[in-house]
Structures are given as structure tokens and as C-alpha cells.
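As numbered in the working numbering, residues 30 to 548 make up the sequence shown, in order.
For every residue, glycine included, the Cβ atom is placed at its ideal position computed from N, Cα and C.
To start, the structure under review is shown below, and the notes come after it.
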Amino acid sequence: MPSPNIVLILADDLGFSDLGCYGSEIATPALDALGRHGVRLSQFYNTARCSPSRASLLTGLHPHQTGIGVLTRPDRPHGYPGTLDPACATIAERLRDHGWTTWLSGKWHLAADAGTPNDSWPTRRGFDRFFGTLAGCGSYYDPQTLTRQEAPATDARDDPDFYYTSAIAREAAGWIDAHPGDQPYFLYLAFTAPHWPLHARSSDVASFAGEFDEGWDALREKRLSRLIEEGIIADGTPLSERDPSQPAWDHAENQAWQARRMETYAAQVRALDDGVRTVLDAIERSGRADDTIVVFLSDNGASAEELPIGTPEQFAQKDSVLRTGTRDGRPVRPGNFTDIEPGPEDTYASYGVPWANLSNTPMRKYKRWVHEGGISTPFLMRWPAGGLASRAVVHEAFQLVDVLPTLLEAAGLPPAEVEGRSMLPALRGGAVEEAPLFWEHIGNAAIRIGPWKLVRDHPGRWELYNIDEDRTELDDRSAADPARVAAMARRWQEWADRVGVLDWDAMLTRYENPDQAEE
Numbered sequence: 030m031p032s033p034n035i036v037l038i039l040a041d042d043l044g045f046s047d048l049g050c051y052g053s054e055i056a057t058p059a060l061d062a063l064g065r066h067g068v069r070l071s072q073f074y075n076t077a078r079c080s081p082s083r084a085s086l087l088t089g090l091h092p093h094q095t096g097i098g099v100l101t102r103p104d105r106p107h108g109y110p111g112t113l114d115p116a117c118a119t120i121a122e123r124l125r126d127h128g129w130t131t132w133l134s135g136k137w138h139l140a141a142d143a144g145t146p147n148d149s150w151p152t153r154r155g156f157d158r159f160f161g162t163l164a165g166c167g168s169y170y171d172p173q174t175l176t177r178q179e180a181p182a183t184d185a186r187d188d189p190d191f192y193y194t195s196a197i198a199r200e201a202a203g204w205i206d207a208h209p210g211d212q213p214y215f216l217y218l219a220f221t222a223p224h225w226p227l228h229a230r231s232s233d234v235a236s237f238a239g240e241f242d243e244g245w246d247a248l249r250e251k252r253l254s255r256l257i258e259e260g261i262i263a264d265g266t267p268l269s270e271r272d273p274s275q276p277a278w279d280h281a282e283n284q285a286w287q288a289r290r291m292e293t294y295a296a297q298v299r300a301l302d303d304g305v306r307t308v309l310d311a312i313e314r315s316g317r318a319d320d321t322i323v324v325f326l327s328d329n330g331a332s333a334e335e336l337p338i339g340t341p342e343q344f345a346q347k348d349s350v351l352r353t354g355t356r357d358g359r360p361v362r363p364g365n366f367t368d369i370e371p372g373p374e375d376t377y378a379s380y381g382v383p384w385a386n387l388s389n390t391p392m393r394k395y396k397r398w399v400h401e402g403g404i405s406t407p408f409l410m411r412w413p414a415g416g417l418a419s420r421a422v423v424h425e426a427f428q429l430v431d432v433l434p435t436l437l438e439a440a441g442l443p444p445a446e447v448e449g450r451s452m453l454p455a456l457r458g459g460a461v462e463e464a465p466l467f468w469e470h471i472g473n474a475a476i477r478i479g480p481w482k483l484v485r486d487h488p489g490r491w492e493l494y495n496i497d498e499d500r501t502e503l504d505d506r507s508a509a510d511p512a513r514v515a516a517m518a519r520r521w522q523e524w525a526d527r528v529g530v531l532d533w534d535a536m537l538t539r540y541e542n543p544d545q546a547e548e
């Protein structure tokens, strides 16, 4: 059997239920086919935020061990370096050492210095080819830090129809088309979609006209029903309450504008799916689809962030995030204001709390928190020649540190000394020995052992949930089982001490608020 190609696809801020095969009303045919004909995981977890998730995914380590405990802001001596530690080998480095060609098309966001080539850039962390952005979020029409190899890329300025999601996919498909078939490749396809800003082509937005006019309450109920039908969520699972900060849809003001926000977000998700199809088509043309592992997941739960962060004037000064003008000279209008319809290049908005609540159906919380809504992601894997359980939903709990060991085993390579364990036996219909799962982000903390999850929002108290019986975390058992709380809290602290989790209270003195560490 030849060494498999590996395609690792990462979405940005995609919610748990935003794909059709995870209950969404948004049609995502490419990803739905990938999931329904391959394997889907119902309890796969990320780390709640962008850069930490990417660091963990690529290294098999917890983010605190990689130097990226928050984002890419350098916070020494009080905090994390904010850049990928050279001692932490990436999967690209491991695979390239064994003969794989390695490519990255899309977002990096693992280097504190995104302006000057350095040892934390992808070209120096195992990738033979790189096209994409070094920084976090940004314009889809004219992205900041757009780079090819180590030089600025002019693609957005050269092409008036440039759209970043499509460009990421097109570049990767071109690499596949030109690649000789006798050498395996590793493609890390890291989209920025559907992370804010709400940038989508008008024709794509128009295709969703009226789709969300029922409002967030009715749509959340329908998504839960479809999640149960798909076998992702257990029958009888209750829907968490609407975010208490938000009104019922029937009482919401500016409903047409609210619906437009979600229509634009859906168009970004559709563009993501179209991009995946572009790459899958190239894989089919290569004649090696059966020998190609394709994995898809998201870096955190849906984002409830409302824009602008701070005043519009302060937000406009965030050069790494926001273009202050369009390519044809118009000023960019940042913020979620009802007189601004999101979508075009001169806007910079997000879809906010109520729609993020829909995206994370049926969970509570969002990106940055480690309750289920912040860390639960769709996880799809297809490998026709790999003996995976066909059309299966696997319910064992895994997290990002388990991806690298899984791919190394699938590639026939020796195991690495990392934090995770291979999921491959479970993906093939067997069993994997249970292991505790751990999280910490900006003081929010959790540990899961078997069905039991201990979780807290910083600086609150520990809560205890039986996830097998209570996936939406509605029945806190902490008062009834203090011994379990104490034992799990000790286990979490032992892990935190071992991997180098820093005191968020001490770090917080370095920030005006957690959002200052912007993406």
C-alpha cells in the first residue's frame, strides 16, 4: 500500500452545527458528502481559540507547551512567548523528514512577528510551499500579510475579483494538479472562513435571501432535531436556553438587518464548502483519492464577538486586523451598525451573540470559553483505502493533541513523544483506551475523565457535568459530588503545573481586557 497523501482542512470560528451533516440549514454538499461517506466524531474538542488550537493541532502538544497560550502577542517575562517554540516539531517537519512534500495554503497565525521572515514562519517549520497570511483575521478582499513563500503576495491587488477563501483553495488545487503521483504530500489547508469580518460576494449572499427570517429561536430547535436525526446528538438532549443577553426573535429589533448578518455568514460557510470541493476535485483528478486521508475540523466554537472591539477609532488602529481603506480608495466602515449592510469590502462586521448561539446549537457558550459551545467542533475524516468504519458516527471523546498521533500511525510512521493518542482504532470501529482531556484558556479551565467534565469560567467556581447524560451542561452536579470535584480539580492542577499553564490573573494586568489579544 503506498504512503497516503494527507489533507488537513481547518475552518476558522465555524460553530458545532454549521455544516449540513451536523444539523445546519446551510447546504454544504462537499463537506456533507465527506462526513456522511466517511467518519464523523460527535465529541471532538479543540482548545477554544485560534492560535492555541493551531499550535496544538500541528504539534500534538497542549498550547502552553508550544509557547502560544493565548494568541501571538509576545508577553515575556510575565506571559507566553506568543510564537511557536522551535523545539516543538510540527507534523509538516515530521512528514517531510520521511519523504512527504509539504504545503500550507491559508492562515498561519503562529508567529509573533508577522512582518519579517523568522524561524516561526511556516517555510521554516516544515512547509515546502506557503501561500497565505501570517496574521490572524483580516479582509477577504485584500488580506493583510498575504505572502507567498517569504515575500509579499500581490494577488489581491492584481485581481479585482480576488476573494481569499477561493484563492486558498485554488492555490492548493494547483499544487495537487502539478504534483507527481509517486511522492506523498501533506496539505494543510487553513481557511479563514467563516471568521469575521462578514465579507461575502453579493451573489453568494443573495442565494440565502429569506433563509433566516424565522429567527434564531426556531432555527435552533430545528438544528437540534437534525443533529439527533444525523446521530450526532442523543435523542432526548434538551436545547440550552437562548443566550440570556439576547431577546426572543419575535421581540428583536431590526430583523431584516439581523437576518442579513446571518445570510452573509452563511455565504462565507458556502464559500468554504466550495473551496473544499475545489481541492477534492483536484484529488479526484490525481487518481489517488482512495489513498488520500482528508480531515476537516474547526479551531474553536462560534464567535460571539461584537465589533468594533473598543471604539471605532481604537479598532481602526489595529493595523494587523483592519484595512482602513478599500483597494479603490473608499474608507472601511468597521462595526455592527444597522445602517451598514455587511458583505462588501468597505464593511467590517460580525454576526454577534444571537447567531453564534445558533451556530453552537445545542450548546452553551462560545469561542474563548471551555464549556461545550467553546470547544466542540465537527470532525470529519475520509480515507477509502484506510479501513475506516464506513458512514459511521464515533462517540468517543478526543481532542486536538490526538490528531498528530493518528496521522502518523495512518502514515505508517513511528509514534512521536507527544500528549495525544491515536484515534485510528476508534475510527476503524474498534476501541481506544480512555484518557483524560484538559483545557485552559485565559483562565477558563476544564478537565474531562470518562463522562465527567469539571469546568469553570474565570474567576468562577468549578461546575460538574455528566456529558454522556447532559451534553448541554444544564445539570450542575458539583454540590452533590464534592469529592469528585476535589479529585478532578487536583488532577487538572497537576496537568496545569506540568504543561506550564500561567496564572491568568497575573497575565491580565498586561491587558485592558482579554479581547486586546485580538486575532
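Check                                                                                                                                                                  : Outcome
Could you tell me which of Y377, N365, W278, A116 sits nearest to V350, measuring between CA atoms?                                                                    : Y377
Taking the alpha-carbon positions, what's the A487 to N389 distance?                                                                                                   : The sequence shown places His at residue 487, not Ala. Whole-angstrom Cα-Cα distance: 21 Å.
For D328, is the classification buried or exposed, using 16 other Cβ atoms within 10 angstroms of its Cβ as the cut-off for buried?                                    : buried
For N329, report the span of its beta strand (DSSP E) as first-last.                                                                                                   : Here N329 belongs to no beta strand (DSSP E), and DSSP marks it neither H nor E.
So T176 and F159 are in contact, right, with Cβ under 8 Å, and what is the actual spacing, rounded?                                                                    : 7 Å
Applying the criterion that 16 or more other CB atoms from any shown protein chain within 10 Å of the CB defines a buried residue, is H107 buried or exposed?          : exposed
Which ranges does the alpha helix (DSSP H) cover as unbroken runs of at least 4 residues, wholly within the stretch 342-427, from first to last along the chain?       : 381-388, 401-404
Helix, strand or coil, according to DSSP, for G161 in the structure here?                                                                                              : strand
Report the option in D497, L336, E54 whose CA atom is closest to the CA atom of W245.                                                                                  : E54
When DSSP labels each residue in this structure, what does V461 get in the three-state scheme?                                                                         : coil
What does the alpha-carbon distance come out to for the pair A331 and G416?                                                                                            : 32 Å
Does the distance from the C-beta atom of G167 to that of L218 stay below 9 Å?                                                                                         : no
How about L124 and P213: do their beta carbons lie closer than 9 Å?                                                                                                    : yes
How far does the alpha helix (DSSP H) with T88 in it extend, from its first residue to its last?                                                                       : 79-88
Thinking C-beta only, is H228 closer than 9 Å to D42?                                                                                                                  : no
Mapping the DSSP letters down to three states, classify R252 as helix, strand or coil.                                                                                 : helix
Nearest by alpha-carbon distance to Y170: which of R154, P189, A180 is it?                                                                                             : P189
Is R352 buried or exposed, if buried means 16 or more other CB atoms sit within 10 Å of its CB?                                                                        : buried
Sorted by chain position, which residues of the same chain lie with C-beta nearer than 7 Å to L453's C-beta, five sequence neighbours on each side aside?              : T435, E438, A439
Hey, L493 and R506 are a contact pair by Cβ (cut 8 Å); roughly how many whole angstroms apart?                                                                         : 4 Å
Run the CB neighbour count on N283, radius 10 Å, all protein chains shown included, and call it buried at 16 or more, exposed below.                                   : exposed
Does DSSP classify V99 as helix, strand or coil?                                                                                                                       : coil
By the DSSP assignment, the alpha helix (DSSP H) with V530 in it spans what residues?                                                                                  : Counting along the chain, V530 falls outside any alpha helix (DSSP H), and DSSP gives it neither H nor E.
Which runs of the alpha helix (DSSP H) fall wholly inside the stretch 186-239 and span at least 4 residues, in chain order?                                            : 193-207, 231-235
Near Q545, what residues of its chain come up, given a Cβ to Cβ distance below 7 Å and the 5 sequence neighbours on each side ignored?                                 : Here Q545 scores only 47 on pLDDT, less than 50, and its place in the model should not be relied on; the value that follows carries that caveat. Closer than 7 Å at the Cβ level, and outside the excluded window around Q545, lies no residue.
Have a look at L37, P391, S82, R78 and flag the residue whose alpha-carbon is nearest the alpha-carbon of D272.                                                        : P391
Along the chain, where does the beta strand (DSSP E) that runs through R485 open and close?                                                                            : 481-485
If you draw a straight line from the alpha carbon of Y294 to that of Y380, how long is it in whole angstroms?                                                          : 7 Å
Can you tell me whether E270 is helix, strand or coil according to DSSP?                                                                                               : coil
Using the three-state DSSP reduction, which class does A546 fall into: helix, strand or coil?                                                                          : With a pLDDT of only 44 at A546, under the threshold of 50, the placement of this residue in the model should not be trusted; the figure read from the coordinates follows. The answer is coil: DSSP assigns A546 none of H, G, I, E or B.
Answer yes if the stretch 76-96 comes into contact with the stretch 199-209, meaning at least three C-beta pairs across the two stretches below 8 Å, and no otherwise. : no
Express the C-alpha separation of G161 and V308 in angstroms, rounding to a whole number.                                                                              : 16 Å
In the DSSP assignment, find the alpha helix (DSSP H) that holds E492 and state where it starts and stops.                                                             : Element bounds for E492: not the alpha helix (DSSP H) but the beta strand (DSSP E), 492-495.
Is DSSP giving I120 helix, strand or coil here?                                                                                                                        : helix
What are the start and end residues of each continuous beta strand (DSSP E) run of 3 or more residues lying completely inside the stretch 258-327, in chain order?     : 321-327
So, at 6 Å on beta carbons, what are the nonlocal neighbours of A318 in its own chain, with the 5 sequence-adjacent residues on each side left out?                    : I312
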